[in-house]
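Right, one structure below, let's go through it.
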Amino acid sequence: MTLADRLNSGTVSFTAWSGIPDTLTVESVSRLGFEVVTLDMQHGAHHEDSVARCVPAITGPGKHPVIRIPVGRFDMASRALDLGAEAVIAPMINSVEDARRFAAAMKYPPVGERSWGPTFGFPRSSVKDHAEWLATQNSRTISFAMIETRAAYGLLDEILDVAGIDGIFVGPSDFSIAWTSGAALNPNLEDMMGAIADIGTRARKAGKFAAIFATDPKICGRYASMGYQMIAMGNEQTYMRVGAENLIAAARAA
Ligand code: 3PY
Ligand code: MG
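Under full-length UniProt numbering, think of the first position of the sequence shown as 1, with each following residue one higher.
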């Protein structure tokens, strides 16, 4: 099942978030209950070498690998796909030009300008030959444009309209900073929930995927009802902290 098939299945998928550039750590995270694992090159410590090594640590346990690239590094979007990522999340897509450049790097012609070189993703895949890879990559891979500023929200329909942009990914932390003109960091700010619902609804109406980061698991049902199909939660530190807290609490209560 491709990630696109999974997101279309009607059941919300959860993605783990990895910021520690270590193969065994990523493999361990891949064995947790998430359907997807995202390697974060924007705020996490992942880099070109670590993502090359960590994608197989995700596909090994049968999970879908996703990479968030640094701001504006659209060259890295193509490289992420060549390495076998099924989706790429591009932060701070704040103009139609940003969206076009991202889509161009993500899709082979005639949609975009992705350059040929499926060095590692292809031999590890179930795709039988290069012709099939060329014919199916554009539909098997997902480009998520991050909507996390007022400028991006204002251009939402135009960004959704760009050929080769398959979906949006809302960053509620940055969105809250933009929403309050820098006065607050509050990814669960009630005042912006209408806008977050509007983004999810409009993306789905346009036939595109909708994804978001949740900082509180209690908000996930609400995001699902807004149309969001993939929700990111926590990172390695969260998984260690929550696990350790539960373990210690259970031990102290015994
Ligand atoms: C944000 O909330 O701004 C994000 O980028 C989530 O990763
Ligand atoms: Mg952000």
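Using N, Cα and C, we set each Cβ at its ideal position, and we do this for glycine too.
query	result
Where Asp40 sits in the DSSP three-state scheme	strand
DSSP three-state assignment for Ile142, whether helix, strand or coil	strand
Stretch pair the region 69-77 + the region 122-132: three plus CB contacts closer than 8 Å	no
Counterpart residues of Trp17 in DSSP-defined beta bridges	Thr38
Under the three-state DSSP convention, the category His46 falls into	coil
Contact between the region 2-12 and the region 193-208 (3+ Cβ pairs under 8 Å)	no
Sequence-ordered residues whose beta carbon comes within less than 7 Å of a heavy atom of the ligand MG	Pro91, Met146, Glu148, Gly171, Ser173, Asp174
Range covered by the alpha helix (DSSP H) that runs through Arg68	Premise fails: Arg68 lies in the beta strand (DSSP E), 64-68, not in any alpha helix (DSSP H).
Proximity to Gln155 [Cα-Cα], best of Val96, Thr59, Pro217	Checking the sequence shown, residue 155 turns out to be Leu, not Gln. Checked all of Val96, Thr59, Pro217; the closest Cα to Leu155 is Val96.
Cβ neighbours of Ala163 in the same chain (closer than 6 Å, five flanking residues each side left out)	Val111
CB-CB length for Pro21 against His47, believed under 8 Å	6 Å
Cβ neighbour criterion (16 or more within 10 Å) applied to Ala211	buried
Close Cβ partners of Leu189 (< 7 Å) along its chain, the five nearest in sequence each way excluded	Ser176, Trp179
C-beta atoms of Val29 and Val37 nearer than 7 Å	yes
One or two residues paired with Met230 in a DSSP bridge	Ser13, Ala211
DSSP beta-bridge partners of Val88	Ile67, Ser143
Ser13 beta carbon less than 7 Å from that of Asp230	Sequence inspection shows Met at residue 230; the Asp mentioned does not correspond to that position. Cβ distance < 7 Å, so Met230 and Ser13 count as in contact.
Inter-residue CB distance, Asp157 and Arg202 (contact presumed, cutoff 8 Å)	7 Å
Cβ-heavy atom distance, Phe213 to the ligand HEM, below 6 Å	You won't find the ligand HEM in this model; what it holds is the ligand 3PY and the ligand MG.
Whether Leu83 touches Phe120 by CB criterion (7 Å)	yes
Gly182 in three-state terms, based on DSSP	coil
Gly164 (DSSP reduced to helix, strand or coil)	coil
For Met41 and Arg68, believed in contact at Cβ under 8 Å, the rounded distance	6 Å
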